[in-house]
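Undergrad:
Protein chains: 2
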Amino acid sequence: MDQRKERILGAVVSDYTETVVPVGSHALAARYFLELSSATIRNELSELVDDGFLAQPHASAGRIPTDLGYRYFVDFLLPQEIVEPPLRRQVRHSFEGAAPDVEAILELAAATLSRLSENVALVTGPTQSEARLLHVELVLVRPGQALLIAVANGNAVHQRVVEVGADLDQEALSQLANRLTAHYAGMSAGAISQLAAPAGTPAQVVQELASGLRQMETRASLVIHDGVRNLVRNPEFEDPNRLRTVLEVLEAQRILAAVVSELAPRVGLQVVIGHENRLQELQDCSLVLTSYRAGDHLWGTLGVVGPTRIRYGRVAARLQLVSQLTGEALSRLLT
Amino acid sequence: MDQRKERILGAVVSDYTETVVPVGSHALAARYFLELSSATIRNELSELVDDGFLAQPHASAGRIPTDLGYRYFVDFLLPQEIVEPPLRRQVRHSFEGAAPDVEAILELAAATLSRLSENVALVTGPTQSEARLLHVELVLVRPGQALLIAVANGNAVHQRVVEVGADLDQEALSQLANRLTAHYAGMSAGAISQLAAPAGTPAQVVQELASGLRQMETRASLVIHDGVRNLVRNPEFEDPNRLRTVLEVLEAQRILAAVVSELAPRVGLQVVIGHENRLQELQDCSLVLTSYRAGDHLWGTLGVVGPTRIRYGRVAARLQLVSQLTGEALSRLLT
DNA sequence: CTTAGCACTCACGGTCATAGAGTGCTAATT
DNA sequence: AATTAGCACTCTATGACCGTGAGTGCTAAG
Chain A
125 MDQRKERILG AVVSDYTETV VPVGSHALAA RYFLELSSAT IRNELSELVD DGFLAQPHAS
185 AGRIPTDLGY RYFVDFLLPQ EIVEPPLRRQ VRHSFEGAAP DVEAILELAA ATLSRLSENV
245 ALVTGPTQSE ARLLHVELVL VRPGQALLIA VANGNAVHQR VVEVGADLDQ EALSQLANRL
305 TAHYAGMSAG AISQLAAPAG TPAQVVQELA SGLRQMETRA SLVIHDGVRN LVRNPEFEDP
365 NRLRTVLEVL EAQRILAAVV SELAPRVGLQ VVIGHENRLQ ELQDCSLVLT SYRAGDHLWG
425 TLGVVGPTRI RYGRVAARLQ LVSQLTGEAL SRLLT
Chain B
125 MDQRKERILG AVVSDYTETV VPVGSHALAA RYFLELSSAT IRNELSELVD DGFLAQPHAS
185 AGRIPTDLGY RYFVDFLLPQ EIVEPPLRRQ VRHSFEGAAP DVEAILELAA ATLSRLSENV
245 ALVTGPTQSE ARLLHVELVL VRPGQALLIA VANGNAVHQR VVEVGADLDQ EALSQLANRL
305 TAHYAGMSAG AISQLAAPAG TPAQVVQELA SGLRQMETRA SLVIHDGVRN LVRNPEFEDP
365 NRLRTVLEVL EAQRILAAVV SELAPRVGLQ VVIGHENRLQ ELQDCSLVLT SYRAGDHLWG
425 TLGVVGPTRI RYGRVAARLQ LVSQLTGEAL SRLLT
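Listed in order, the protein sequences are those of chains A and B. All the letters of the first sequence, read from the start, carry residue numbers 125 to 459 under this note's numbering. All the letters of the second sequence, read from the start, carry residue numbers 125 to 459 under this note's numbering.
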C-alpha cells in the first residue's frame with residue numbers, strides 16, 4: 125500500500141462520506157488529484173478493489189469503501205480533527221450549567237453527543253469499581269415495613285422497602301440504623317455479606333444492603349440513548365426494515381448494554397465497523413466508543429452509533445470532548 | 125346520520141385500519157354489505173365525503189376516513205373490545221414478577237404497552253397531589269458538604285448535596301436531621317417554606333427540602349417511551365421526513381411532557397386524532413391516553429402514539445389493562 | 001329508494017429509448 | 001515502466017408511453 129494509494133483511499137472515504145454517492149475516477153481526479161489523470165486513478169481504484177478496500181455497487185458505477193476500507197482509514201489515515209473553539213466553548217458552557225444530578229448529566233451528555241455527532245448517542249451510567257457503605261437509614265412506612273436507605277461513596281443512594289419486626293417503632297429503627305452504620309461503615313458488598321450482622325437485625329436488611337451496593341457498582345446496565353431522529357436522515361436507513369433492525373437493538377436495553385459493555389474501552393477510542401459487529405443487527409452500523417471517568421474509581425461508556433460511512437474523525441474528536449466534559453461534571457458532583 | 129351510514133363509516137374505518145388501502149364501494153359491498161349493491165354504497169359514500177367523514181386520495185380511488193371520520197367512529201361507534209383472557213393472564217403474570225422498583229415498573233408498563241398496542245407507548249412517572257415529608261437525613265460526604273436525604277409518603281426519596289457549616293461533624297448533622305424531621309414531619313412543600321427553620325439550620329437545607337418535595341409531586345415531567353420500532357412499520361411513516369418529525373417530538377422530553385400533561389385525563393380515556401393535536405408535528409398521529417392510579421393521591425399517565433388509523437378499540441382495551449396493572453403494581457410498592 | 005349500466009378518471013406497472021456516468025482495455029506517450 | 005488518451009462497452013437512472021383495472025359519478029329504469 126503505497127502512499128498514493130492511501131491518498132486515493134482516503135479521498136474515496138471522505139468523498140463518499142459526504143456525498144453518499146459512489147465516487148468515480150473522474151470525480152476524484154477533478155476534486156482531489158488535479159495532477160493525475162482519471163485513467164491512472166482508475167488503475168489504482170481497480171487495485172484497491174482487488175485488495176478489498178473498495179467495492180462497486182455495480183459494474184459501471186463508482187467505488188464505495190468496504191468495511192475493510194473504513195478500517196484502514198480509521199487505523200492509518202484518520203485525520204486528527206479538533207473541535208472548533210466556539211463550539212467547544214458553547215458545549216463546555218452547557219455542561220457547566222447542568223443540574224447537579226447524575227441522571228441529568230448523563231442525559232445532557234447523550235443530548236449533546238447526538239447533536240454534535242449528528243447520530244445516535246449512547247451513554248451508560250457510571251460503574252464503580254468498589255462501592256463502600258457510608259451510612260444506613262431506616263424509615264418506618266407502616267408497621268412491619270421500613271424504607272431502607274443506604275448511602276455509599278460517590279453519593280450513591282439505594283432505597284428499598286424491607287420487612288422488619290412489627291414491634292419496631294421509628295425510635296428502634298433509628299437505633300438499629302445507627303448500629304448498622306457503625307458496624308458496616310466503609311465496607312463493600314462482599315465484606316458485608318460475610319460479616320455477621322448485629323443482633324436483632326432483620327435478615328432482609330443485610331441482604332438488601334449488600335445487593336444495593338452491588339447495584340450501585342454496576343449502574344452500567346443502564347444505557348440511555350438519544351438522537352434516533354438523526355438516524356432516519358441517513359439514506360442507508362430509508363429502507364424501513366433496516367431501520368427497524370437497528371431500532372430493535374437500540375430499544376432493547378439488555379442487548380444494548382451487553383454490546384456496549386463488551387466493547388467498552390477502559391481508555392482511548394474503540395471503533396467497530398459494520399461487519400465487525402458481533403450482532404448481526406448492527407452490521408450496517410459503526411460504533412465509536414470511549415469512556416468517561418469521574419475520579420479514580422468511577423467510569424462509564426459514551427458512544428455514537430451511525431452508518432458505516434460516519435465521519436470518524438469528526439465524531440471521534442467530538443466524542444472525546446463530550447467524554448471529558450461528562451467526566452468533569454460527574455467529578456464535581458460525586459467526589 | 126342514519127344507522128346505515130354509520131355502519132358504512134364503521135366498515136370503512138375498520139377496513140382501512142387493517143388494509144391501509146383506500147376502500148371502494150365494491151369491496152365494501154362484497155365484504156360487509158352483501159345485501160346492498162355497490163351503487164347504493166357509492167351514493168352513501170359520496171354523502172359521507174360531503175359531510176367530511178371520508179376523503180378520496182384522488183378522483184378514482186376508494187375512500188379513507190378523515191380525522192373527523194375517526195372522531196365519529198371513536199365517539200359513537202367504538203366497539204367495546206376485551207383483551208383475550210390468555211393474553212390478559214400472561215400480562216398480569218409479567219406484572220406480578222416485576223422488580224419492586226418504581227422505574228422498573230414504569231419501564232415494564234411501557235414495554236408491555238408498546239407490545240400490546242403495536243405502537244409507541246408513553247408513560248409518565250407518578251405525580252402526587254401533595255407530598256408530605258416523613259423523614260430527613262444528613263450524611264457528611266466531606267467537610268462542609270452533606271448529602272441531604274428527604275423521604276416523603278409514597279416512599280419517594282429525594283437526595284442532593286448541600287452546603288453546611290464546615291464545623292458540623294456527622295454527629296451534629298444527625299442531630300440536626302432529627303430536629304428537622306421533628307419540626308417538619310407531615311408537612312408539604314408550601315408549609316415548609318413558610319415555617320421558620322429551627323435555629324442553626326443552613327439555609328440551603330430548608331430550600332432543598334421544599335423544592336425536593338415539589339419535584340416528587342411532579343415526577344410527571346419524566347416521560348418514558350418505548351416501541352419506536354413499531355412506528356416504522358406503518359406505511360404512513362415510510363417517508364423519512366414524516367418519521368423524523370414525529371421522532372423529534374418523542375425524543376424531546378420537555379415537549380412530550382407538555383403534550384401529555386396538557387391532555388392527561390384524570391379518569392377515563394382521552395383520544396386525540398390527527399389535526400386535533402395542537403402540536404403540528406403530531407398531526408399525522410393519534411394519541412390514546414388514560415391514567416393509572418396507585419392509592420388515593422398518586423397517579424400518572426399512560427398513552428399510545430400511532431398513526432391516525434390506529435385500532436382504537438383494541439388499543440383502548442389493552443391500554444386500560446396495562447393501566448390497571450401498572451396502578452396495582454405501584455400500589456403494592458408504594459402504599 | 002335502489003340498482004344496473006356506462007362512460008370516464010387516474011394510479012400503477014411494464015416496456016422502451018435515451019442520456020450519461022463510469023469502467024476496462026489498448027496503444028501511444030513520456 | 002508509469003502515465004495517459006481514446007474508445008467501446010456496461011449499466012443505471014429518467015422520462016415517455018400505454019394498457020389495465022379499480023373505482024367513480026351520473027342517468028335511467030325498476
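Beta carbons: idealized from backbone N, C-alpha and C, even for Gly.
#1: Taking 8 angstroms as the limit between beta carbons, can you name the residues of its chain near B/ILE151, skipping five residues before and five after?
#2: Can you give me the start and stop residues for the alpha helix (DSSP H) that B/GLN229 sits inside?
#3: B/TYR308 to B/LEU257, Cα distance in whole Å?
#4: Taking the C-alpha atoms as reference points, what is the distance between A/VAL379 and A/HIS349?
#5: On the criterion of 16 or more Cβ atoms from any shown chain inside 10 Å, does A/GLN283 qualify as buried, or is it exposed?
#6: Between B/TYR156, B/VAL373, B/SER335 and B/GLU341, which has its C-alpha nearest B/VAL352's C-alpha?
#7: Name the two residues that bound the continuous beta strand (DSSP E) containing A/VAL439.
#8: Under 9 angstroms Cβ-Cβ, which residues of chain A neighbour B/VAL350?
#9: On the premise that B/LEU297 lies in contact with B/ALA270, defined as a C-beta separation below 8 angstroms, what is that separation, rounded to the nearest angstrom?
#10: Over the uninterrupted alpha helix (DSSP H) stretch that includes B/VAL370, give me the two end residues.
#11: Kindly confirm or deny that the region 183 to 200 of chain B and the region 416 to 429 of chain B touch, where touching means at least three C-beta pairs closer than 8 angstroms.
#12: What do you get for B/PRO203, buried or exposed, if any count of 16 or more other CB atoms within 10 angstroms of its CB means buried?
#13: So, for A/ALA222: in the same chain, excluding its five sequence neighbours on each side, which residues have a beta-carbon less than 7 angstroms away from its beta-carbon?
#14: Cβ closer than 7 angstroms: which chain B residues qualify as neighbours of A/VAL265?
#15: What residue does the beta strand (DSSP E) around B/GLN394 start on, and which one ends it?
#16: Which ranges would you report for the alpha helix (DSSP H) in the region 297 to 335 of chain A if only whole runs of at least 4 residues count?
#17: Along the chain, which unbroken stretches of the alpha helix (DSSP H) at least 4 residues long are found entirely within the region 144 to 184 of chain A?
#18: By Cβ distance below 8 angstroms, which residues in the same chain neighbour B/ASP191 in space, the five residues on each side in sequence not counted?
#19: May I ask you to report which of helix, strand or coil DSSP gives B/PRO203?
#20: Quick one, which of B/SER162, B/ARG239 and B/ILE188 has its alpha-carbon nearest B/LEU443's?
#21: Measure the CB-CB distance between B/VAL263 and B/GLN294 and report whether it falls below 9 angstroms.
#22: Would you list, in chain order, the members of the region 369 to 401 of chain A that have their beta-carbon closer than 7 angstroms to a beta-carbon of chain B?
#23: What first and last residue would you give for the alpha helix (DSSP H) that runs through A/LEU355?
#24: Would you please verify whether the beta carbon of B/VAL285 is less than 9 angstroms from any beta carbon of chain A?
#25: Give the residues of chain A in contact with B/HIS259, contact being defined as C-beta atoms less than 7 angstroms apart.
#26: Using DSSP with H/G/I as helix, E/B as strand and the rest coil, what is A/VAL247?
#27: Have a look at B/HIS259 and B/ASN277 and give me their C-alpha separation to the nearest angstrom.
#28: Beta-carbon separation of B/LEU422 and B/THR450 under 9 angstroms?
#29: Starting from the Cα of A/GLU341, find the closest Cα among A/ALA280, A/THR164, A/ILE165 and A/GLN127 and give me that residue.
#30: Please state if the CB of A/LEU445 and the CB of A/VAL226 are separated by a distance shorter than 9 angstroms.
#31: Can you look up A/ARG402 in the DSSP assignment and give me helix, strand or coil?
TA: Concretely, from the data shown:
#1: Within the second sequence, the letter at position 27 stands for residue 151 of chain B. The question names Ile, but residue 151 of chain B in the sequence shown is Ala. Excluding residues within five positions, the ones whose Cβ falls inside 8 angstroms are ASP139 and GLY186.
#2: Start at 1 with the first residue of the second sequence, and residue 229 of chain B comes out as number 105. The residue you asked about is not Gln; residue 229 of chain B is Ile in the sequence shown. Residues 226 to 241.
#3: Taking the first residue of the second sequence as position 1, residue 308 of chain B is located at position 184. Taking the first residue of the second sequence as position 1, residue 257 of chain B is located at position 133. Distance between the alpha carbons of B/TYR308 and B/LEU257: 7 angstroms.
#4: Position 255 of the first sequence holds residue 379 of chain A. Position 225 of the first sequence holds residue 349 of chain A. Checking the sequence, you will find Ile at residue 379 of chain A rather than Val. About 13 angstroms.
#5: Mapped onto the first sequence, residue 283 of chain A falls at position 159. Per the 10 Å Cβ criterion, buried.
#6: In the second sequence, counting from the first residue as 1, residue 352 of chain B sits at position 228. Comparing Cα-Cα distances from B/VAL352 to each of B/TYR156, B/VAL373, B/SER335 and B/GLU341, the minimum goes to B/VAL373.
#7: Counting from 1 along the first sequence, the entry for residue 439 of chain A is found at position 315. No beta strand (DSSP E) holds A/VAL439; the alpha helix (DSSP H) holding it covers 436 to 458.
#8: Translated into positions along the second sequence, residue 350 of chain B becomes position 226. Position check: residue 350 of chain B holds Asp in this sequence, whereas Val was assumed. Within chain A, the residues near B/ASP350 are GLU375.
#9: Within the second sequence, residue 270 of chain B is the residue found at index 146, counting from 1. Within the second sequence, residue 297 of chain B is the residue found at index 173, counting from 1. Indeed, because the Cβ distance is near 6 angstroms, the residues count as touching under 8 angstroms.
#10: Taking the first residue of the second sequence as position 1, residue 370 of chain B is located at position 246. Segment 364 to 375, the alpha helix (DSSP H) holding B/VAL370.
#11: no
#12: What you label residue 203 of chain B is simply residue 79 of the second sequence in a count that begins at 1. The residue is exposed, with fewer than 16 neighbouring Cβ atoms inside 10 Å.
#13: Residue 222 of chain A sits at position 98 when you count from the first residue of the first sequence. So the list reads ALA228, ILE229, LEU232 and ALA453, once near-sequence residues are dropped.
#14: Locating residue 265 of chain A in the first sequence gives position 141, counting from the first residue. Within chain B, the residues near A/VAL265 are ASN279.
#15: Position 270 of the second sequence, counted from the start, is the residue given in the question as residue 394 of chain B. Element bounds for B/GLN394: 394 to 397.
#16: List check, alpha helix (DSSP H) in window: 313 to 318.
#17: Here the runs fully enclosed are 149 to 155 and 162 to 174.
#18: Locating residue 191 of chain B in the second sequence gives position 67, where the first residue counts as 1. Around B/ASP191: ILE397, GLY398, HIS399, GLU400 and THR432.
#19: As a first step, residue 203 of chain B must be located in the second sequence, where it is residue number 79. Three-state DSSP puts B/PRO203 in coil, outside helix and strand.
#20: Taking the first residue of the second sequence as position 1, residue 443 of chain B is located at position 319. For B/LEU443, the nearest C-alpha among the options comes from B/ARG239.
#21: By one-based count along the second sequence, residue 263 of chain B stands at place 139. By one-based count along the second sequence, residue 294 of chain B stands at place 170. Cβ atoms of B/VAL263 and B/GLN294: closer than 9 angstroms.
#22: Per Cβ criterion, the list reads LEU371, GLU372 and GLU375.
#23: On the first sequence, position 231 is the one that residue 355 of chain A refers to. Its alpha helix (DSSP H) spans residues 352 to 355.
#24: Mapped onto the second sequence, residue 285 of chain B falls at position 161. It does; some Cβ of chain A falls within 9 angstroms.
#25: Counting from 1 along the second sequence, the entry for residue 259 of chain B is found at position 135. Going along chain A in sequence order, the residues near B/HIS259 (Cβ under 7 angstroms) are VAL263.
#26: The residue you call residue 247 of chain A lines up with position 123 of the first sequence. Three-state DSSP puts A/VAL247 in a strand.
#27: On the second sequence, residue 259 of chain B is found 135 positions in, with the first residue counted as 1. On the second sequence, residue 277 of chain B is found 153 positions in, with the first residue counted as 1. Taking the straight line joining both Cα atoms gives about 9 angstroms.
#28: Mapped onto the second sequence, residue 422 of chain B falls at position 298. Mapped onto the second sequence, residue 450 of chain B falls at position 326. Going by C-beta atoms, B/LEU422 is not nearer than 9 angstroms to B/THR450.
#29: Position 217 of the first sequence, counted from the start, is the residue given in the question as residue 341 of chain A. Ranking the options by Cα distance to A/GLU341, first place goes to A/ALA280.
#30: Your numbering for residue 226 of chain A matches position 102 in the first sequence. Your numbering for residue 445 of chain A matches position 321 in the first sequence. Against a cut-off of 9 angstroms, the Cβ pair of A/LEU445 and A/VAL226 comes out as no contact.
#31: In the first sequence, residue 402 of chain A corresponds to position 278, counting from 1. Looking at A/ARG402 - three-state DSSP - the assignment turns out to be coil, as it is neither helix nor strand.
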